[in-house]
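Worksheet for the structure shown next.
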Ligand SMILES: [Mn+2]
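Numbering (the UniProt record's numbering), first residue to last: 1 to 301.
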């Protein structure tokens, strides 16, 4: 397959800086070489947008900080993703903070609109990212991005790239959730998303949850995988902005990627929130590379 690696060095959506160096760390960990070793042809895009330093920008709206640069960057990403997916190629977006999902989903949704395909989103994350400008406790857009893609929140975000909802929240499935804000929890319930928390995984076993996830996506035509490294336990992925104990093991995350790949419906993905400043010997970026390989068809035997 033709895999386009889209580097998004954007950390405007998070209060802890450094994820703008994520694409560089993942590049150094050998993403291109790994994907080529399993038979893909890769194209690396390092020029989607020119990032300015967050340190020298003004946050603006306190409930949606750095709105303008995020919208600008995500519009450019959306346009690239639309072109790539229209040609049947695979966009693999490397964050950056999670706000890049606004761009990837908008681009994929634009293509799906033309082909009449129904999109599902597998959102692997410790958090919900389902706040709006009204419920946000932090004002960070990486905590509002998925709600916006589902049509909730500021019009600048919900109407990014094209007007209206990019994904029906009923087609969103979360895995690994363990820190949901009260306001977003309410919104998620009202919107009808499906959530497999860490407690669900502990009660039912990981394998059962994986099977349920695969069954969930039977109702959609194509799947976007949005993978936040903070879904992992910090023992395995210390290099992320908001590390939170009690997360997935590396083996669980790798298995989930391997299994979702078997649906044959995954048409785009992103791996976000690799923060090299907080990492130890680049292990989080190395794991990101292995997760991408499993998602793109690598098996152990
Ligand atoms: Mn996230």
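Idealized CB from N, CA, C, for every residue including glycine. For clarity, every value in this text was computed on a predicted model and none was experimentally measured.
Listed in chain order, the alpha helix (DSSP H) elements of length 4 or more contained wholly in the stretch 237-298 are 250-261, 283-295. Apart from the 5 residues on each side of it in sequence, residue 21 sits with its Cβ closer than 6 Å to the Cβ of 276 in its chain, given in chain order. Straight through space, the alpha carbons of residue 301 and residue 153 are spaced by roughly 45 Å.
Annotation: the continuous alpha helix (DSSP H) that includes residue 184 extends over 182-191.
Taken from the Cβ of residue 233, every heavy atom of ligand 1 lies 7 Å or farther away. In this structure, residue 179 has its CB at a distance of at least 7 Å from all heavy atoms of ligand 1. At least one heavy atom of ligand 1 sits closer than 7 Å to the Cβ of residue 228.
Note that the C-beta distance between residue 199 and residue 141 is not below 8 Å.
If you ignore the 5 residues before and after residue 64, its C-beta comes within less than 6 Å of the C-beta of 133, 141, 154, all in its own chain and listed in chain order. Shortest gap from the CB of residue 11 to any heavy atom of ligand 1: 7 Å or more. Remark: the C-beta of residue 125 is in contact range of ligand 1, defined as less than 7 Å to any heavy atom.
The alpha carbon of residue 291 has as its nearest neighbour, out of 215, 120, 26, the alpha carbon of 26.
A heavy atom of ligand 1 is found nearer than 7 Å to the CB of residue 142. Under the DSSP assignment, residue 216 falls in the alpha helix (DSSP H) whose first and last residues are 206-216. The shortest C-alpha to C-alpha distance from residue 115 to any of 85, 238, 284 is the one to 85. Across the set 187, 172, 117, the C-alpha of 187 shows the shortest separation from the C-alpha of residue 136.
Counting the other Cβ atoms within 10 Å of the Cβ of residue 47 gives fewer than 16, which makes it exposed.
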